[in-house]
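Shown next, in structure tokens, is the structure this report addresses.
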Amino acid sequence: MAAAATAEDRTPAYGFIGTINAAGTDVPIDYTHRGIAPSWHQKVDGRPYVRSSRVISVPGAGQGVYRANEVIEVAFTFNTRVVVEGDVCVELYVGYDGNHSNSAREANYRSGSGTDTLVFGYTVRPGDMDSRGIMLARGTEITGFCGSGTIKAHGTDVQRNPWYPDMNVQRDHRVDTEPPAVSAVSIVSRPADGDAYTAGETITVEAAFSEEVMLGGLPYIELDIGGETRHATIAASQEASSRIPFAYQVQSGDTDRDGVSINANSLRLNGGGAHDRAGNPADLSFNAVAAHPDQRVST
């Protein structure tokens, strides 16, 4: 309820209490005064309320991105100590695209009852994606806190105020649970003479991924040159990219009259790793690359 004196009430029954005389006299002053209309700016509410909220978890990959099964934790600090009873949660938005129902996620109460700060956590599920950053909508009577439990001021039955400030896009708290995948593998080089590779020339193969990947160790792609397996490797200084080149230098004795081919799923990690910036391991499966006369080898 808004705090207010009764508007237009000029009777002594409201307002001043006691006796006030004009200075130096025994003459009481006129007690009548204009009232103050109710105003939403001047509400009185003794319920415990949220003073601030913040994300306190840190993504495990160290790139500001959560993967599946990692926990996003949000802390709510109240103006007083509060006690949690029963099932209580708050709504986060993961991958918000203008549709609340599709992106709303329930972060369940984890700790803090009896103090002024409560921690809520949401475990990221496979399929969750948020390239901008998670959000927290403003708490209202309809949205915000959820669950059948209660949050009350410590030592009382006074339940919490449902209102709390929103939290805009948190760019250091993105979500990526989708593993990168090989979208295509192709031979991108051509013989210098336009006919066939000779000894010393480089055959370059490019692996295209659905997003940037980081390759560790010395992975390679197996080439079929005249029925013999040869390894096209990456450069040791290769940085994260969505297109990774692999190179093989033709050796004396290599011969392939039909053209170099690549068997399906023949990208080998060789003890290394392949993952996106969130740490999701890459799916390395791909279709075979058939022999082509433009990729013949003659040494």
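All the letters of the sequence shown, read from the start, carry residue numbers 958 to 1256 under my numbering.
Glycine included, C-beta positions come from ideal geometry on N, C-alpha and C.
No experiment lies behind these values; they were computed from the predicted model shown.
Which residue marks the beginning of the alpha helix (DSSP H) containing H1057, and which one marks its end? Here the alpha helix (DSSP H) through H1057 covers 1057-1060.
Test item: CB-CB of E1030 and I1013 under 9 angstroms: Result yes, Cβ atoms of E1030 and I1013 sit closer than 9 angstroms.
Taking a contact to mean a Cβ-Cβ separation below 9 angstroms, would you say M1092 touches V1126 in this structure? In contact: M1092 and V1126 (Cβ atoms closer than 9 angstroms).
Between E1098 and the rest of its own chain, which residues show a CB-CB distance below 7 angstroms, the 5 nearest in sequence each way excluded? Counting only Cβ-Cβ distances below 7 angstroms, and skipping sequence neighbours, we find P1119.
Which residue comes first and which comes last in the beta strand (DSSP E) that contains Y1177? Note, Y1177: beta strand (DSSP E), 1177-1182.
Does D1251 come out as helix, strand or coil in the three-state DSSP assignment? Three-state DSSP puts D1251 in a helix.
With distances taken Cα to Cα, identify the nearest neighbour of D1087 among C1103, T1074, D1073, R1062. It is R1062 whose Cα lies nearest to the Cα of D1087.
DSSP on Y1050, reduced to helix/strand/coil? Here Y1050 sits in strand by DSSP.
N-terminal and C-terminal residue of the beta strand (DSSP E) that I1144 is part of: Where I1144 is concerned, the enclosing beta strand (DSSP E) stretches over 1139-1144.
Inter-residue Cα distance where the pair is V1041 and C1103: V1041 and C1103: Cα-Cα distance of roughly 12 angstroms.
Look at the Cβ atom of G1069, then the Cβ atom of H1111, and state whether they are nearer than 9 angstroms. No.
Which value, in whole angstroms, describes the spacing of the CA atoms of V1007 and A1141? So the two alpha carbons sit approximately 51 angstroms from each other.
Anticipated Cβ contact below 8 angstroms, A1164 with L1224, distance rounded: With a Cβ gap of about 6 angstroms, A1164 and L1224 count as contacting.
Per DSSP, which one or two residues make a beta bridge with Q1116? Partner(s): K1109.
Could you name the residues of the same chain whose beta carbon sits closer than 7 angstroms to that of T1256, not counting the 5 residues immediately before and after it, in chain order? Sequence-distant partners of T1256 (beyond 5 residues in either direction) whose C-beta falls short of 7 angstroms from its own C-beta, in its chain, are T1155, A1156, V1207, S1209, G1210, D1211, T1212.
Reduced DSSP secondary structure (H/G/I, E/B, other) of Q1195: Assignment of Q1195 by DSSP, reduced to helix, strand and coil, places it in the coil class.
Does the Cβ of S1105 have 16 or more other Cβ atoms within 10 Å, making it buried, or fewer, making it exposed? That one is exposed.
Beta-ladder partner(s) of S1218, from DSSP: Looking at the DSSP assignment, S1218 forms a beta bridge with D1181.
Going by DSSP, what residues sit across from S1009 in a beta bridge? Answer by DSSP bridge pairing, in chain order: T1034.
Give every residue of the same chain whose Cβ lies closer than 6 angstroms to the Cβ of P1016, excluding the five residues on either side of it in the sequence, and list them in chain order. Apart from sequence neighbours up to five positions away, the residues of its chain that approach P1016 with a beta-carbon distance below 6 angstroms are V1022, Y1023, ordered along the chain.
Cβ-Cβ separation, V1217 to L1180 (assumed contact under 8 angstroms), whole Å: About 6 angstroms separates the Cβ atoms of L1180 and V1217, confirming a contact at the 8 angstroms cut-off.
From Y1205, G1173, A1189, pick the residue whose C-alpha is nearest to that of E1196; which is it? Comparing Cα-Cα distances from E1196 to each of Y1205, G1173, A1189, the minimum goes to G1173.
Spatial distance of N1244 from A1153 (CA atoms): A direct Cα-Cα distance of roughly 24 angstroms separates N1244 from A1153.
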